Amino acid sequence: MRNLSVSTPCFLLNIETVSSLYKWIHSYLLSCVSLLGICVQSADFTPPPAENITVCQGESAILRCDIDSEVTHKAWLNRSNILFTGSDKWSLDPRVTIINNNKSEFSIQIERVTVHDEGPYTCSYQARNEPRTAHVYLIVQVPAKIVNISADISVNEGSNVNLFCLAVGRPDPTVTWRHLKYGFMSEGEFLDITDIKRQQAEEYECITNNGVSTPDNRKVKVIVNYPPVISDAKNMPGEVGKTAILRCEAMAVPTASFEWYKDDKRLLERSHGLKIQNEKTRSLLMFTNVTAQHFGNYTCFAANKLGTSNSSMLLFRPGAVGGGSPSSGQGAPMMLWVLCSALLPLFLMKI
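What follows is the structure, given as structure tokens:
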């Protein structure tokens, strides 16, 4: 390597020198590269700011360099690595090719870019014995993608639930949680639910987005277990010789199983002119041919692994006392009338 002149801080490198050389000499930035002895930076030249080129991972990136007809030498570099010197390729990467090499343009293309291609690129050329450079900074974006998320979960009511949703992308993506029924829940990779209620069950959706492509989303199903709650049980009228139905509906997770009782005796399928039809959330006690013995109080039991619930209801003659909502004291009006009838003579004797 030899100095060309004392007044011009520029060095001529021999052909065996392969690496880039960056030095400060007499307060001037010197950038010389070994491309057949070409000095690529002079002392008094201030290079233009780098041009940013943004592409999505997997796409092709075109790095353009505008030159003029007086160019004698030219090269493309990536950091300290020489890609091309004129039409001679130094890079071993088959994805990097020259797309324009003429008197006005010296441009290259990188196919199927990856995040490893991101960084500074320099086009160096010499025109009218003056070195020039053009800088390009390649930015590689990656669409947001969910890489890991909580599995579907089953918990008992009152438990604490912790869900996670991990996403990657360039630039860094945002992560949002939403309940499919109630909407937005929170931002961030983690969703914590304290003392979960049955109303908070169903699906939770994780959405990640960084503006590069369409958002990515995945769902987590949360099952909240709770004991049965009987929500529909009514006293019903019945006429002798006709059909009648008592209904018992219970909400529960897991689904409840049902049993029917009359006077502490369990009723079985098709016993004494009865038919029991159990469905997912309710049970029907059907009287195929009502007789006088069928009138009275019936109790429905609903049970799952977390507990039981029961409700009593009456099958009564039309016009008799017994209509209205069932309760633990549903027979009270009729019993009160009987009790008053029995005590009335004693009360009159004392008078």
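At position 185 of the sequence shown the residue is numbered 185 (full-length UniProt numbering), and the sequence of numbers has no breaks. Note that beta-carbon positions come from the ideal geometry of N, C-alpha and C, so glycine has one too. Note that the structure is predicted; figures quoted are calculated from it, not measured.
Once you ignore the five residues that flank residue i on each side, which residues in its own chain have a CB closer than 8 Å to its CB?
{"i": "Gln293", "result": "His272"}
{"i": "Leu346", "result": "Low confidence applies here, because Leu346 scores a pLDDT of 40, under 50, leaving its location unreliable and the question unanswered by this model."}
{"i": "Ile146", "result": "Cys165, Leu166, Ala167, Cys206, Thr208, Asp216, Asn217 and Arg218"}
{"i": "Ser104", "result": "Asp66, Ile67, Asp68 and Ser69"}
According to DSSP, is residue i part of a helix, a strand, or is it coil?
{"i": "Gln199", "result": "helix"}
{"i": "Ala151", "result": "coil"}
{"i": "Ala292", "result": "helix"}
{"i": "Val113", "result": "coil"}
{"i": "Val212", "result": "coil"}
{"i": "Gln126", "result": "strand"}
{"i": "Glu118", "result": "coil"}
{"i": "Leu77", "result": "strand"}
{"i": "Leu180", "result": "coil"}
{"i": "Asp66", "result": "strand"}
If I measure Cβ to Cβ from residue i and keep anything under 7 Å in the same chain, skipping five residues before and after, which residues do I get?
{"i": "Glu181", "result": "In the sequence as displayed, the identity of residue 181 is Lys instead of Glu. Around Lys181: Glu202."}
{"i": "Pro254", "result": "Asn225, Asn304 and Lys305"}
Can you list, in chain order, the residues of its chain whose CB lies under 6 Å from that of residue i, leaving out five sequence neighbours each side?
{"i": "Val71", "result": "Tyr125 and Ala127"}
{"i": "Glu51", "result": "Val136"}
{"i": "Gly158", "result": "Asp195"}
{"i": "Phe45", "result": "Reliability fails at Phe45, whose pLDDT of 48 lies under 50, so the model's placement of it is uncertain and the value that follows must be treated cautiously. Excluding residues within five positions, none has a Cβ falling inside 6 Å."}
{"i": "Leu35", "result": "With a pLDDT of 39 at Leu35, under the threshold of 50, the modelled position of that residue is not reliable, and no figure is offered here."}
{"i": "Gly307", "result": "Pro227"}
{"i": "Leu77", "result": "Thr122"}
{"i": "Ala144", "result": "Ala167, Gly169, Pro173, Thr208, Asn209, Asn210 and Asp216"}
{"i": "His142", "result": "The question names His, but residue 142 is Val in the sequence shown. Closer than 6 Å at Cβ, skipping near neighbours: Gln57, Gly169 and Arg170."}
{"i": "Pro318", "result": "Pro237"}
{"i": "Phe190", "result": "Phe164"}
Can you tell me where the beta strand (DSSP E) holding residue i begins and where it ends?
{"i": "Glu187", "result": "Gly183 to Glu187"}
{"i": "Trp90", "result": "Trp90 -> no beta strand (DSSP E), and no H or E assigned at all."}
{"i": "Lys103", "result": "Lys103 -> no beta strand (DSSP E), and no H or E assigned at all."}
{"i": "Asp192", "result": "Phe190 to Ile193"}
{"i": "Gly169", "result": "Val161 to Arg170"}
{"i": "Leu63", "result": "Ala61 to Leu63"}
{"i": "Glu51", "result": "Glu51 to Cys56"}
Which runs of the beta strand (DSSP E), 3 residues or longer, sit entirely within the UniProt domain "Ig-like" (227-316)? 244-253, 257-262, 274-278, 282-287, 296-304 and 307-316
Pairs of beta-carbons, one from the segment 96-116 and one from the segment 58-77, closer than 8 Å: are there three or more? yes
Are the segment 241-251 and the segment 79-87 touching by the rule of at least three beta carbon pairs closer than 8 Å? no
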